[in-house]
DNA sequence: CCTAGATCGTTATTAACTATAATTATCATC
DNA sequence: GATGATAATTATAGTTAATAACGATCTAGG
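Protein chains in written order, with this note's numbering: chain A, 1 to 169; chain B, 1 to 169.
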């Protein structure tokens with residue numbers, strides 16, 4: 001899942017520029033057509049953010065999906081796996097292993113609810129809530145550093161666009 | 001790869017609201033903590049755009065990766081697989097099957113270059129260039145429809161932020 | 001009551017994308 | 001000419017996503 005970035009720079013730096021290859025100097029690959037689409041920029045930017053996020057979470061023993069699930073469980077105590085899967089936009093079968101992992105790490109509990117014995121009420125343990133605090137702080141501070149150079153107006157416009165794209169579906 | 005979206009709406013719509021469940025009406029799941037991070041909005045927005053893109057490309061027999069590769073090959077005739085992999089930010093081994101697929105569909109050619117017989121010069125066929133035209137037009141018009149409601153300033157700010165994120169790595 | 005249909009969590013399976021190590025052929029350099 | 005680097009490839013494994021199907025349970029209509 002972590003994606004390597006910045007290879008173009010590595011390539012460009014590592015050229016000895018001898019007489020032999022001076023002629024066919026590897027001209028940088030043009031992405032003039034791709035860059036007309038916002039989705040292209042979004043994929044590249046998302047790769048960067050996702051890699052950064054993964055490295056932030058790794059020392060805490062979390063991945064992006066387990067982080068997302070843990071945060072939603074802490075913020076919404078007692079929710080069901082179906083609700084959680086809906087909130088995460090993933091299929092119910094794929095959530096099972098995520099909840100399994102959180103449960104095995106004793107970060108959450110699957111509790112039976114008497115009124116509907118088909119469902120589990122998901123609740124975080126104390127350790128889960130403590131990890132939540134550390135993980136959320138780490139994620140936000142990491143991202144703040146990554147976005148430090150932008151002004152609030154730019155970020156607000158970006159957030160607005162991204163949110164509205166999501167809303168339309 | 002296409003991700004289902006809009007499930008929350010489906011769920012909310014399908015409730016009969018009888019006496020029994022009126023009490024524990026499924027309150028919408030709160031993402032108040034997650035939404036503090038721009039990466040969260042980016043993932044959701046990217047899912048929407050990616051799903052839209054995949055559906056746009058499917059009738060043309062392309063996926064996101066084969067589309068990206070085809071566009072870069074048409075725009076950069078004769079480039080090598082290493083250059084292409086670098087431009088796409090994927091590992092060289094993973095590019096092989098993509099180039100295989102484009103070649104089997106007779107959209108591109110792997111041509112030996114005499115000056116360096118280790119590399120292939122990738123070039124699009126006539127069919128490849130024709131499909132390129134149709135695919136690029138389809139992608140841009142689809143995205144234009146998806147982004148129609150935003151003004152140019154918002155989109156420009158978004159593009160600037162996304163590009164700079166990518167540049168920093 | 002009680003049967004039919006729906007929902008919840010689950011298993012199994014498949015496909016797509018990503019990442020790493022190792023191999024072969026070729027090139028560059030000393 | 002030997003040594004090391006590069007290009008493409010093979011093999012492999014890990015992660016994520018999508019679908020079908022099942023048992024248990026709930027809901028609704030007769």
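Each residue gets a CB set at the ideal place from its N, CA and C atoms; glycine is no exception.
Pairing residue 89 (chain A) with residue 47 (chain B) gives a Cβ-Cβ distance under 8 Å. From the beta-carbon of residue 45 (chain B), the residues of chain A found nearer than 8 Å are 42, 161, 162, 163, 165 and 166.
A direct Cα-to-Cα measurement between residue 42 (chain A) and residue 114 (chain B) gives close to 38 Å. Between residue 37 (chain B) and chain A, the shortest Cβ-Cβ separation is below 8 Å. Of the residues A:72, A:97 and A:127, the one whose Cα lies closest to the Cα of residue 87 (chain A) is A:72. Per DSSP, residue 149 (chain A) lies in no beta strand (DSSP E) segment and is marked neither H nor E. Looking at the backbone, the Cα of residue 134 (chain A) and that of residue 63 (chain A) are separated by about 14 Å.
In the DSSP assignment, residue 73 (chain B) falls outside any beta strand (DSSP E) and lies within the alpha helix (DSSP H) extending over 64–75. Look at the beta carbons and you see the region 148–168 of chain A touching the region 140–156 of chain B: at least three pairs across the two are nearer than 8 Å.
Of all residues in the region 97–114 of chain A, none has a C-beta nearer than 8 Å to a C-beta of chain B. The C-beta of residue 143 (chain A) comes closer than 8 Å to at least one C-beta of chain B.
A straight line joining the alpha-carbon of residue 126 (chain A) with that of residue 75 (chain B) spans about 55 Å. Secondary structure of residue 124 (chain B) (DSSP, three-state): strand. One finds nothing in chain A with a Cβ atom closer than 8 Å to the Cβ of residue 54 (chain B); even the nearest lies about 11 Å away. Interface annotation, residue 87 (chain A): in contact with chain B, CB-CB separation under 8 Å.
The beta-carbon of residue 158 (chain B) is placed less than 8 Å from the nearest beta-carbon of chain A.
For the region 63–80 of chain B, the residues whose beta carbon sits under 7 Å from a beta carbon of chain A are, in order, 68, 71, 72, 75, 76 and 79. Here the alpha carbons of residue 128 (chain A) and residue 132 (chain B) stand approximately 50 Å from one another.
Beta-bridge partners assigned by DSSP to residue 57 (chain B): none are found.
For residue 111 (chain A), the enclosing beta strand (DSSP E) stretches over residues 108–112.
According to the DSSP secondary-structure assignment, residue 79 (chain B) is paired through a beta bridge with B:122. Within 10 angstroms of the beta-carbon of residue 148 (chain A) lie fewer than 16 other beta-carbons, which makes it exposed. Across the structure, residue 109 (chain A) and residue 103 (chain B) are spaced so that their CA atoms are roughly 51 Å apart.
Cβ neighbours of residue 79 (chain B) within its own chain (closer than 6 Å, five residues either side excluded): 122. Following the DSSP letters along the chain, one finds residue 117 (chain B) in no alpha helix (DSSP H), marked with neither H nor E.
For residue 92 (chain A), the enclosing alpha helix (DSSP H) begins and ends at 92–104.
Listed by position along chain A, the residues whose Cβ is nearer than 7 Å to that of residue 147 (chain B) are 38.
Within the same chain, Cβ atoms closer than 8 Å to the Cβ of residue 85 (chain B) are found at 91, 92, 94 and 95, the five residues on either side in sequence being excluded. Between residue 37 (chain A) and residue 143 (chain B), the beta carbon gap of about 5 Å places them in contact (Cβ cut-off 8 Å). Cβ-Cβ separation between residue 124 (chain B) and residue 98 (chain B): approximately 14 Å, too far for a contact (criterion under 8 Å).
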